[in-house]
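No gaps in the numbering here: position 60 of the sequence shown is 59 in numbering that gives the first Met the number 0, and each next residue is one more. No residue lacks a Cβ here, since even glycine has one placed at the ideal position from N, Cα and C. Report on the following structure.
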Amino acid sequence: MSRTHAIVIGGSMAGLSAGRVLSQVYDRVTVIDRDTYPEGVGERSGVPHSRHVHALLARGRLELERLFPGFGNLAREGGAHEIDFGMDFATLRPYGWSQRRPDGLSLLFASRNLIESVVRGLFRRLPNVTLLEQTAVTSLNSATNGRRRVTGVTARSADGSGPTQLDADLVVDASGRASQAPAWLRALGLEPPQETVVNAFAGYSSRWFQAPSPERWPQEWWWKGIWIDLKEPEVLTAGVLFPVEHGRWIITLGGVAKEYPPTDEDGFMEALGSRLRSPILAEAARLAEPLSPVYGHRTMANRFRHYEQWHERLDGFIALGDAVCAFNPVYGQGMTTGTLSAVVLAECLERYGPDEPDLPQHFFRAQAKVQDNPWRLATGADFRFPLTEGSQSAGSRVLDPYMKALFATAIDDHVVRRRLSQVINMLEPPSAFFAPPIMGRVVLNAVRRRVGKHARTPIPDRPPTHAAGPSSHLSP
């Protein structure tokens, strides 16, 4: 079987990462995208959500560094901030302000545009890859020789020329949550995989600001970023401030259960002061200089296309990243899981080889195992909210009280909070929440609260101003 040419549909994070993996196996790799890529850092129409805050989790950064050596240094040179979330963010959780203590994880905060441009620049340096811009794939091509196999794609240029047939030994769909693969598969006479959808009816509104000069910062502003959780059922709007390159902030409001935040400037500024559990985001926005209009985004349902259960056989075709499993973006899992899908592809190619006819089936099953944990975390969190639609597993319902107790414990128990941070950043599986030392702390804290020995004081509307000191209660 030939290893001459691989095609990747979609040139975002998952597609570029997959292209990097394939470049080590195939003679040529072509990444096809309908957009025109900007010179340097800039927006592109195919990623409208780039205007909103994005989180690159610790695991995602680790894997990007492995796939694209030098990624972190180039991101910092471009203005990305190196931040310890536990120490540098003012974080209001449903049960109170998190104590200021180092998490021990160094996270990069930057715009989606900067992160993607750094990865794209490193990808372009590869000698055997091509980025085919302004080109839309319209169908999959296939042939049957005992088994049905994808042999390439048909594509059309944005200038209307074409269609053009591009042959390939492997086609990878990395075109995101708007993937047209289900329609392409139907056109081949195949039934697409079944889908699971969990919809919390969430929405974003975001605005970019120039941060005030340091001399204008109030003395109590120790933070580099702000995170204000909602608290269901009474408060269904959350808000964050992320620092990005060139001294700018992105301030985002997120609502659930159809409590969509305003997308007009006056409404957005008013909502910062009236819909959140703390006034500090509104105060920060008033001191900053607006740089953009207010951007809205409502395509936020969790969607899992179950290729791992797909009964059809189609050689030479793989789908990965958001094209298979897309999450409510409020949990910041997308870039990391897309990168992890590419890592799974690398592992499958190494284990089975590109000549293995059943490579797609092996890959889909392995990818599903990686996507399952973030899926459970995202959908489990979304089922806390009223109006959420979808099928909730019995296990999720049973575990919900324990998870609430764990989050409550993490407010002032640093051992539990560190474990929480490890799991959220995909460095540990959710099963780490149930290690006996962690469960013991969670149960003890719940008992203290229930019997009143753990004082229940009103939650202040402003964060603590000093880092937490040593405490025997917090020691491992």
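Item to complete: Could you check what DSSP says for Ile279 in three-state terms: helix, strand or coil?
Response: Here residue 279 refers to the residue found at position 280 of the sequence shown. Helix at Ile279.
Worksheet item: Once you ignore the five residues that flank Pro292 on each side, which residues in its own chain have a CB closer than 8 Å to its CB?
Response: One-based indexing of the sequence shown puts residue 292 at position 293. Arg206, Glu264.
Worksheet item: For the putative contact between Asn127 and Arg27, defined by C-beta atoms under 8 Å, what is the C-beta separation to the nearest angstrom?
Response: To locate residue 127, count along the sequence shown from 1; it is residue 128. To locate residue 27, count along the sequence shown from 1; it is residue 28. About 5 Å; that satisfies the 8 Å criterion.
Practice prompt. Determine, using beta carbons only, whether Phe486 and Asp102 come nearer to each other than 8 Å.
Written response: Lying outside 0 to 475, the shown extent of the chain, residue 486 is not represented and no answer is given.
Item to complete: Taking Leu497 and Ser116 to be in contact with their CB atoms under 8 Å, please state how far apart those CB atoms are, rounded to whole angstroms.
Response: Residue 497 lies beyond the stretch modelled for the chain, which goes from 0 to 475, so this question has no answer here.
Worksheet item: The beta strand (DSSP E) with Trp207 in it runs from where to where?
Response: By one-based count along the sequence shown, residue 207 stands at place 208. Trp207 -> beta strand (DSSP E) spans 202-209.
Worksheet item: In the DSSP assignment, what residue or residues form a beta bridge with Gly295?
Response: Along the sequence shown, one-based indexing puts residue 295 at 296. BP columns for Gly295 point to Ser204.
Worksheet item: Near Ala379, what residues of its chain come up, given a Cβ to Cβ distance below 6 Å and the 5 sequence neighbours on each side ignored?
Response: Translated into positions along the sequence shown, residue 379 becomes position 380. In the sequence under discussion, the amino acid at residue 379 is Gly, which differs from the Ala named in the question. Here the set comprises Ser395.
Discussion item. Run through the DSSP bridge pairs and tell me what Val171 is partnered with.
Written reply: For the purposes of this step, residue 171 is taken as residue 172 along the sequence shown, with counting starting at 1. Per DSSP, Val7, Ile317.
Worksheet entry | Beta-carbon contacts of Leu426 that lie in its chain and below 7 Å, excluding the five residues immediately before and after | Locating residue 426 in the sequence shown gives position 427, counting from the first residue. Answer for Leu426: Ala57, Arg58, listed in chain order.
Worksheet item: Looking only at its own chain, which residues have a Cβ that is under 7 Å from the Cβ of Arg417, when we skip the five neighbours before and after it?
Response: Translated into positions along the sequence shown, residue 417 becomes position 418. The residues are Asp102, Gly103.
Worksheet item: From Arg43 to Arg50, what distance separates their C-alpha atoms?
Response: Position 44 of the sequence shown, counted from the first residue, corresponds to residue 43. Position 51 of the sequence shown, counted from the first residue, corresponds to residue 50. Rounded to whole angstroms, Arg43 to Arg50 spans 10 Å at the Cα level.
Discussion item. Using the Cβ count rule (16 or more neighbours within 10 Å means buried), how would you classify Phe433?
Written reply: Here residue 433 is taken as the residue at index 434 of the sequence shown, counted from 1. Flag for Phe433 reads exposed.
Practice prompt. Mind checking which residues open and close the alpha helix (DSSP H) that includes Ile423?
Written response: In the sequence shown, the residue the question calls residue 423 occupies position 424. From DSSP, the alpha helix (DSSP H) with Ile423 extends over 413-423.
Item to complete: Check whether the Cβ of Ala318 sits closer than 7 Å to any heavy atom of the ligand ADP, and report yes or no.
Response: Within the structure as shown, the ligand ADP is missing, as the structure has no ligands at all.
Worksheet item: Any idea what DSSP makes of Ile250, helix, strand or coil?
Response: Position 251 of the sequence shown holds residue 250. In the structure shown, Ile250 sits in a strand (DSSP, three-state: E or B).
Item to complete: Take the Cβ of Asn480 as the centre, count every other Cβ of all protein chains shown within 10 Å, and call the residue buried at 16 or more, exposed below.
Response: Because the chain spans 0 through 475 in this model, residue 480 falls outside it and cannot be assessed.
Worksheet item: Taking just the CA atoms, how far does His305 sit from Ile249?
Response: For this step, residue 249 is matched to residue 250 along the sequence shown. For this step, residue 305 is matched to residue 306 along the sequence shown. Each residue's alpha carbon lies about 34 Å from the other.
Worksheet entry | Where Lys257 falls: helix, strand or coil (DSSP) | Taking the first residue of the sequence shown as position 1, residue 257 is located at position 258. Three-state DSSP puts Lys257 in coil, outside helix and strand.
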